[in-house]
Amino acid sequence: MVLFRRNGDKLARRSGQKVDIINNRGILGLSSPRLRSLSVGSLSKEQLGNQCLADQMIKRPQINAEKTIGVALHQASYLFKTAMRSAFQAEGHDATPEEFVTLMLLPETGIDHGDLVIKLKKEKTNVARLLARMEGKGWIKRAVHAQSGRQLTISITPLGAKTRQHLLPIVQKVATRALDGTKDADVETTRRTLTRFANNLMT
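Under this note's numbering, think of the first position of the sequence shown as 35, with each following residue one higher.
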């Protein structure tokens, strides 16, 4: 790699087929075929003039990934679900976080399949597989809607209600550990923000 100076304060380097301009703000990539064809040391003032830089340089974003909302959501979701699974297993329960959430969202009077899909914010096919698994465990019951004759209704069984009752305090312990040192007001703000976040992505 060869480095050469322009105007005393910027360095350009050529490596393979790429020419970069390096200054105190980082590396700015030049992808122009004209610039790529330049030989090392031959960049003239005209070729690297202000207009050329403005037209053909694309600044590489300087992003601290660890401070982005996407990474924070991914990490928190993964760790919370992992902690839930471990806690369920430790107490002898064959349950997943998704199954627990579904049990919590099922009203005692039952719910239409379509409405449950909306509540879970999942794809219909994924919900169908989830419900089939839960029905196999005896936690829910699926039946044809009495009026429409086609639409399915989902209701929780006595075993499902009992399982929900056993799982709830386990999840509460996990949540207490996760929220240690967090104020109630901050928890509520986070809940509202995440709800808005999800709703925005649903539209």
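We treat Cβ as the ideally placed atom computed from N, Cα and C, and that holds for glycine.
- Your pair M138 and R198 checks out as a contact, with CB atoms roughly 7 Å apart and the cut at 8 Å.
- At a Cβ-Cβ threshold of 8 Å, E125 and I204 count as neighbours.
- Close CB contacts of L150 within its chain, under the 6 Å cut and outside five residues either way in sequence, are with I188 (chain order).
- As a beta-bridge residue in DSSP terms, R176 pairs with I188.
- For the set H108, L213, V208, L201, the Cα lying nearest the Cα of A129 is the one of L201.
- Going by beta carbons, R176 and L165 fall inside the 8 Å limit.
- The bridge partners DSSP lists for D146 are T187.
- For the set V208, A162, A195, the Cα lying nearest the Cα of G172 is the one of A195.
- Burial state of L140 is buried, judged by a 10 Å Cβ sphere holding 16 or more other Cβ atoms.
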